[in-house]
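Note sheet for the following structure.
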Amino acid sequence: MSARKKTWVRCAFSEMNMTASPVPLEATPAKRTRSSGNVSTRISRSQSGKSTPTQIQEVESVDLTALEDDQDADSTGPPPEVKANWMERFAPATSEELAVHPKKIGELRDWLRHCEAVQKKFPAQMCLLTGPTGAGKTATLRVLANEFGFQVQEWINPVDCEVVNALGDQPSGCSYVGSHLEAFKSFLLRASRYKSLLDSHNKRLLLVEDFPNVLLSDKEANFEELLDEYSNYGKSPLVFIVADAKSRGLNISYRLFPDQLKAKHRIEHISFNCIASTIMQKAMKAFCSVMQQPQNKSTYKIPSSSVVDSIVVGAQGDIRNALINLHLSSLKGVASMPTKQLNVSVVTKGRKKKTQSTLKSIGRDESITLMHALGRVLNPKFNEDKRVLHSPEEITEAFNTEPRNFVNFIHANYLPHFKNIEDVVAAINDLGLSDAMLDEYRDNSLPTMGLNIAIRGVMLANSSPVSGWMPVRGPKRINIQSQATLAEQRLVGVGYSGISKSLYATEYSSFVKCIAGKLSDSHSSQSTDSI
Amino acid sequence: MALWVDKYRPRELSKLDFHKEQAENLRSLCKQSDFPHLMFYGPSGAGKKTRIMCLLREMYGAGVERLRSETMTFTTPSNRKIEVMTVSSNYHLEVNPSDAGMYDRTVVIDLIKQVAQTHQIEISGQREFKVIVISEGDELTKDAQHALRRTMEKYVATCRIIISVNSTSRIIPAIRSRCLGIRVAAPNETEIVSILQSTCKREGLALPVELAKRVVDKSERNLRRALLMLEAAKVAKAPFTANQEIPDLDWQVFLRETASQIISEQTPNKLEKIRERLYELLTQGVPPNLIFRGLVEQLVNKCDMSIKAKTLEFATEYEHRMQTGAKHIFHLEAFVAQFMNIYKKFLSELIMTDDF
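Chains as they are written, first to last, in our numbering: chain H, 232 to 762; chain G, 321 to 676.
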């Protein structure tokens, strides 16, 4: 049981590497860093201790796949069963196999070359790789590091740290925070300095893909200090990999790496793009040829080209996702395996969806931006038989999580697109209906329906749209401001605080303004009289 | 110098000008040692707050009139700070949770907890509970009302709640059943006239009856509005004359202009301008249902007989939707658009029939 569990865990972490073994071993010390030197030996001992003789076979197969070539492991394992680390078979081994644009590979290669050149003088070079998920950031780094002979040491957020600390009698809150950060710090400084006992590589490269949560919680100063320290004491190049996030609040590259910080430490920023569909097609072909290799043949059948196409479209430049889909759709179902049903259903689903539309075939959620979707709603395109090109359902699905926001945006922007008041009536009628539905919390499906109604209403109501450029406006927020001046407040007296803003606006405001205005007039006239 | 509204506000139950029988009932309610949660309901400017304050004075003595205003800060679960202004004395606390908008739930819970968890120190001769006065309780969100229901029961030993609402229809049944409802009807016209006149007498002014009647007409039987109106009129022209000008509420003037703009042009472009005006009213703090009502009144007055019925029909539909929905502007705009549509059709038909 424990061995099985371990295989699963192991694979999840070493998902993209090809010479995997040292990396997990290196990654684990990082988890428990106290003193990195002897921990790694301890860990390896504990692992061997854990595996009981009866389970040796299994454990071996796991470690072997990692240590030796994949092919051996595959030939020994029972062929129809899908190895949990199947992804490694498809991982690129050389930079030619990478599905990333050569220019980006070149950039990273230049940086690594530069690192080697200045290693004696300035060993602590830093680099930031950003890009959408599945753009091949990690894969590129691993391949190139391999090429240059760097040993990649990755930081993985420790899971067990807080447990240890919570047992102590000091207040757990602060000690937890401190220890997490400290573990990260000592990883950065020690792992760059001392090499593992087990590996023969001389050059190390630190990789941080998993940022400690402490750094993300509005304490950027901490991170800056860390980098300062690292640039002084670090001994190896350091690479940060950050996936792009849509919202700024979640965007690590935006929050942790402000421009001045990048300038200060000369952090090389390489931003990857989505993988172009032509390159993706090529990669798919490569994957298919891997599948046709003799040791894989028993596991995979070759998927039809239409399925491959729809996968490429659906993945939207995410190669990891494309690979997962390809894997699922090309698995040969085995009678005894319960996964068969699932795999088959995924395939048919993929096909079905593809026939419906090329926009959303399988896999990744289609993510269209708000502006994009607004454009589709406000300027709907129609095909020859008078049907909308982008179905309202698609747009609804994309904004299911924040229907209210989207409806507000539609409302703020729909009016300039209309020429006839009759059409406006139809549109606003539906918007109003959807507003009423969105506010109903008793049924889960109502928000979706409401959003759908709003989108349909506006898309279909407009019989003669106005063409031309209309700037998009954000929905207005109503902030009720009390406009009472100090003199007016004094006039109303202590009771003013007890009067709500709306009541004041409706009942008091205009009269009190009158009275207060007259009062101040009389005061000033009195004062002039006295002079 | 205080406003007339506050200056001549009756301080004791015995001095109230109207609903005297009810005042007597309230007084006997105070005599009992136990005292239920109360809900005063009635239209705006009918004297709910006045009665509440009189009742508190009856219970606690003149100490309740030593008021201080205080700004309390609450932190929502999402770490947002909200400031709410309160008026309090040693014995009671008055709050308007509706100013906190959608965060009123936090305000209600925290406030009641704060007040209710401290016992009165000197109970000699006094009640052992404090009173929390929640004004405009019907503006509370459903969420807050449910929260209130629970806290009301939990802290019943140390605090009583008096809710003042315009209409009980927007209060959830659970709260309605926990409170003793007291209806405060708006005073009738003769009552208002006599109050206006007695006020003027105490100010040393002579008030012509015609003017008083006009003020009453304009104030829609809202006593507070009538008094404020009269004072503003006095400021404008000191010795009253029978046909002097009475100042209007400026949002009503604004609405009137909006209505005439709607009549003048019926295009999406105009609708957009109307929307801006409606937004302006909303940001000033005029409640959407008042805007809706004012708009309907103005439009119905201005349009032809044949489309009045239809206008009202749509008005009822959209007003109802506005109460169920959250974005008031949608429904206001929908009504305006619908009216524009009807009116435009009416105009084009008129031209057609003229041609024949």
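Glycine residues also receive a C-beta, built at the ideal position from the N, C-alpha and C atoms.
Beta-bridge annotation (DSSP): C358 of chain H is paired with H:V470 and H:E499. Straight-line spacing of the CA atoms in I483 of chain H and E617 of chain G works out to 55 angstroms. Distances from the alpha-carbon of A322 of chain G to those of H:L722, H:S740, H:P363 and H:S541 put H:L722 closest.
Shown in chain order are the members of the stretch 554-570 of chain G whose Cβ falls below 9 angstroms from a Cβ of chain H: K554, V555, A556, P567, D568, L569 and D570. In summary, the residues of the stretch 598-611 of chain G whose CB is separated from some CB of chain H by less than 8 angstroms are Y599, L602, T603, Q604, G605, V606, P607 and L610, in the order they occur in the chain. The contact set of N388 of chain H on chain G, defined by CB atoms closer than 7 angstroms, is empty, because the minimum CB distance reaches about 24 angstroms.
Where C499 of chain G is concerned, there is no enclosing alpha helix (DSSP H), although the beta strand (DSSP E) around it starts and stops at C499 to R503. Rounded to whole angstroms, V543 of chain H and A685 of chain H show a C-alpha spacing of 32 angstroms. In the DSSP annotation of this structure, the continuous segment of the beta strand (DSSP E) that includes M392 of chain G starts and ends at R388 to T395. By the CB criterion at 8 angstroms, L468 of chain G and M359 of chain G fall outside the cutoff.
Along the stretch 641-675 of chain G, the positions whose C-beta sits under 7 angstroms from a C-beta of chain H are R641, T644, G645, A646, K647, F650, H651, E653, A654, A657, Q658, M660, N661 and K664, read in chain order. Between the alpha carbons of H466 of chain G and I501 of chain H lies a gap of roughly 53 angstroms. Selection H:F379, H:L457, H:K352 and H:P363 evaluated against E413 of chain H yields H:L457 as nearest (Cα-Cα).
Secondary structure within the stretch 690-746 of chain H: the alpha helix (DSSP H) runs of 4 or more consecutive residues, fully enclosed, are 717-723 (chain order). For F360 of chain G, the three-state secondary structure derived from DSSP is strand.
Looking from the CA of K327 of chain G, the closest CA among G:A505, G:D424 and G:C520 belongs to G:C520. Of all residues in the stretch 396-426 of chain G, those with a C-beta nearer than 7 angstroms to a C-beta of chain H are M405, T406, V407, E414, N416, S418 and D419, reading in chain order. With the criterion set as a beta carbon lying under 9 angstroms from some beta carbon of chain G, the stretch 337-371 of chain H has no members that meet it. Taking the Cα of K532 of chain H as reference, the smallest distance to any Cα among H:L446, H:K563 and H:F518 is reached at H:K563. For V656 of chain H, the neighbours in chain G by C-beta distance under 7 angstroms run, in chain order, A657, Q658 and N661. For a Cβ distance threshold of 9 angstroms, nothing in chain G lies close to N693 of chain H: the least Cβ distance comes to about 10 angstroms. I711 of chain H is positioned such that its CB atom lies no closer than 8 angstroms to that of G614 of chain G. Beta-bridge annotation (DSSP): S408 of chain G is paired with G:R388 and G:L413. V656 of chain H sits close to A657 of chain G, with the two beta carbons spaced by under 8 angstroms. With a 10 Å radius around the Cβ and a threshold of 16 neighbouring Cβ atoms, W571 of chain G comes out buried. Beta-bridge pairing by DSSP links V485 of chain G to G:Y361.
For V656 of chain H, the secondary structure class from DSSP, reduced to helix, strand or coil, is helix. In the DSSP assignment, I454 of chain G falls within the beta strand (DSSP E) that extends over K450 to S455. At least one CB atom of chain G sits nearer than 8 angstroms to the CB of T737 of chain H. In this structure, V689 of chain H sits near D661 of chain H, with a CB-CB distance shorter than 8 angstroms. Contact annotation: the stretch 498-518 of chain G touches the stretch 331-348 of chain G, with at least three C-beta pairs closer than 8 angstroms. In the same chain as P696 of chain H, and ignoring 5 residues on each side of it, the C-beta atoms closer than 6 angstroms to its own belong to H648, in chain order. In this structure, G:V485 is the residue among G:V485, G:A477, G:V435 and G:Y475 with its C-alpha nearest to the C-alpha of I454 of chain G. I481 of chain G places its beta carbon less than 8 angstroms from that of H357 of chain G. Chain-order list of chain H residues neighbouring S455 of chain G: G729, I730, S731 and L734, by C-beta distance under 9 angstroms. Your pair H496 of chain H and M357 of chain H checks out as a contact, with CB atoms roughly 5 angstroms apart and the cut at 8 angstroms.
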